[in-house]
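Line order of the protein sequences matches chains A and B. The opening residue of the first sequence carries number 1 in the UniProt record's numbering; numbering runs sequentially from there. The opening residue of the second sequence carries number 1 in the UniProt record's numbering; numbering runs sequentially from there.
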Amino acid sequence: MLCGWSLLGPLQWIRYVHKQVRVKAGKDEELCGWLLTVDPVSASLVLMDFREEGTLMQVVMGHAVEEVQVLQEADKETADRLRSSFLPLRTCSLDPDELRRRRGIIQNWLEQNRIPVVEEADELRVAGVLTIRAPYGPEDCCSSNQIILDRIQRLIQNQPPPHAETDPEHRPILSNSTV
Amino acid sequence: MATPVSVLRLPKGPDPNSRGFDPNSPRFIALCRTSISASAASEADAEELQREQHARSVLRESFLRCLLSMNNKKVQFHMHENVKVDATFGASDIDVLNFQVSNLHTPIGVQKEALIRSQDVISFTFDL
Numbered sequence: 001m002l003c004g005w006s007l008l009g010p011l012q013w014i015r016y017v018h019k020q021v022r023v024k025a026g027k028d029e030e031l032c033g034w035l036l037t038v039d040p041v042s043a044s045l046v047l048m049d050f051r052e053e054g055t056l057m058q059v060v061m062g063h064a065v066e067e068v069q070v071l072q073e074a075d076k077e078t079a080d081r082l083r084s085s086f087l088p089l090r091t092c093s094l095d096p097d098e099l100r101r102r103r104g105i106i107q108n109w110l111e112q113n114r115i116p117v118v119e120e121a122d123e124l125r126v127a128g129v130l131t132i133r134a135p136y137g138p139e140d141c142c143s144s145n146q147i148i149l150d151r152i153q154r155l156i157q158n159q160p161p162p163h164a165e166t167d168p169e170h171r172p173i174l175s176n177s178t179v
Numbered sequence: 001m002a003t004p005v006s007v008l009r010l011p012k013g014p015d016p017n018s019r020g021f022d023p024n025s026p027r028f029i030a031l032c033r034t035s036i037s038a039s040a041a042s043e044a045d046a047e048e049l050q051r052e053q054h055a056r057s058v059l060r061e062s063f064l065r066c067l068l069s070m071n072n073k074k075v076q077f078h079m080h081e082n083v084k085v086d087a088t089f090g091a092s093d094i095d096v097l098n099f100q101v102s103n104l105h106t107p108i109g110v111q112k113e114a115l116i117r118s119q120d121v122i123s124f125t126f127d128l
């Protein structure tokens with residue numbers, strides 16, 4: 001089951017990343033594309049093929065790979081395109097005050113739910129096993145324990161909108177409308 | 001006196017961190033040994049191990065993000081004997097042993113939900 005390719009290891013695979021490769025797989029399949037990554041668990045290759053009508057993604061299972069051949073290196077434009085293709089969207093750069101406010105809200109919400117949380121520099125540490133980085137959304141949680149990660153992410157997702165009770169400006173409008 | 005009969009044990013269930021079956025169980029060794037262990041060179045050298053682990057995490061993260069982007073996409077599986085089937089991609093398990101798909105268009109009809117063994121797949125393609 002394990003052929004040469006599967007046995008290469010991460011340090012060898014990473015040399016092929018961001019290069020154009022031709023992969024022979026199975027009995028007679030041949031695929032071409034820019035290598036985005038190699039899964040270190042299954043040795044599967046992810047190839048991207050940029051076309052006019054859109055990008056074609058091809059995943060070749062590691063167990064089927066017969067031969068991998070490098071065709072060419074990526075130029076700067078292609079390399080940037082490959083690098084940015086699956087990055088999480090990080091467009092927001094909030095100012096420190098806004099971040100502090102968000103951190104406070106999350107910390108409050110977790111404490112309301114009886115979850116131990118401490119502030120460490122600009123990170124929040126939950127029960128010693130999970131950290132929440134700025135900007136403190138569900139995607140910013142980091143933990144090696146999947147169950148805790150899932151619970152905390154869900155908790156953050158289910159957080160009520162902050163201005164519902166903390167923003168004093170909303171109350172008068174409500175009371176006015178009831179009068 | 002009757003000779004003792006060995007007890008057949010089932011493999012241990014998934015561990016509490018839900019990392020799949022016990023990797024030392026005979027069933028796992030026979031069927032699912034896909035995880036690739038650290039190379040011999042890195043076991044001896046701590047610095048080498050660190051570099052290898054870094055490369056591993058970079059590659060894996062990028063692969064996982066790719067899997068995430070595949071969710072709910074129309075995927076074509078290329079399987080052995082030149083079989084090509086279309087399906088909507090759902091998920092993969094952490095060892096990449098099975099894929100969960102919906103609306104699998106098989107030659108004899110559409111299967112609403114299905115699990116595909118990755119061993120049966122050569123490659124699969126989808127449009128981003």
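Glycine residues also receive a C-beta, built at the ideal position from the N, C-alpha and C atoms.
The residue among A:Val46, A:Arg22, A:Ile132, A:Glu120 with its C-alpha nearest the C-alpha of A:Thr55 is A:Val46. For A:Ile14, a Cβ of chain B is located within less than 8 angstroms of the residue's own Cβ. A Cβ-Cβ distance of about 6 angstroms is found for the pair B:Ser118 and B:Leu97, placing them in contact under the 8 angstroms criterion. For the 8 angstroms CB-CB criterion, A:Val129 and A:Asn145 form a contact. A:His18 carries a coil assignment under DSSP once its states are collapsed to helix, strand and coil.
In the structure shown, A:Ser85 falls within a coil segment according to DSSP collapsed to helix, strand and coil. Across the structure, B:Leu64 and A:Gly104 are spaced so that their CA atoms are roughly 31 angstroms apart.
B:Gln53 and A:Lys27 have their C-alpha atoms some 33 angstroms from each other. Against chain B, a Cβ distance below 9 angstroms from A:Gly4 picks out nothing, because the smallest value is about 13 angstroms.
Along the region 99-128 of chain B, going in chain order, the ones with a CB nearer than 7 angstroms to a CB of chain A are Ser118, Gln119, Val121, Ile122, Ser123, Phe124, Thr125, Phe126, Asp127, Leu128.
Taking 8 angstroms as the CB threshold, B:Val83 stays off the interface with chain A.
The DSSP assignment places complete beta strand (DSSP E) segments of no fewer than 3 residues inside the UniProt domain "AD" (69-164) of chain A at 117-120, 123-126, 130-132, 141-143, in order along the chain. For A:Gln58, the closest Cβ of chain B is nearer than 8 angstroms. Taking a contact as a CB-CB distance under 8 angstroms, the pair A:Pro135 and A:Leu94 counts as one, their CB atoms being some 6 angstroms apart. Around the Cβ of A:Gln69, a 10 Å sphere holds fewer than 16 other Cβ atoms; the residue is exposed.
Under the 8 angstroms criterion on CB atoms, A:Gly26 is classed as interfacial with respect to chain B. Within 8 angstroms of the CB of A:Val21, no CB atom of chain B is found; the nearest one sits about 13 angstroms away.
Nearest in C-alpha terms to A:Leu35, of all of A:Glu66, A:Ser42, A:Leu8, A:Ala74, is A:Ala74. CA-CA distance, B:Met79 to B:Ser92, rounds to 17 angstroms. Contact between A:Glu29 and B:Ile122 holds: CB atoms are separated by about 6 angstroms, below the 8 angstroms threshold. In terms of beta-carbon proximity, A:Glu77 stays away from the interface with chain B, with every pair separated by 8 angstroms or more. The three-state secondary structure of B:Leu59, taken from DSSP, is helix. Distances from the alpha-carbon of A:Val17 to those of A:Asp39, A:Gln112, A:Ile156, A:Ile152 put A:Asp39 closest. Interface annotation, A:His63: in contact with chain B, CB-CB separation under 8 angstroms.
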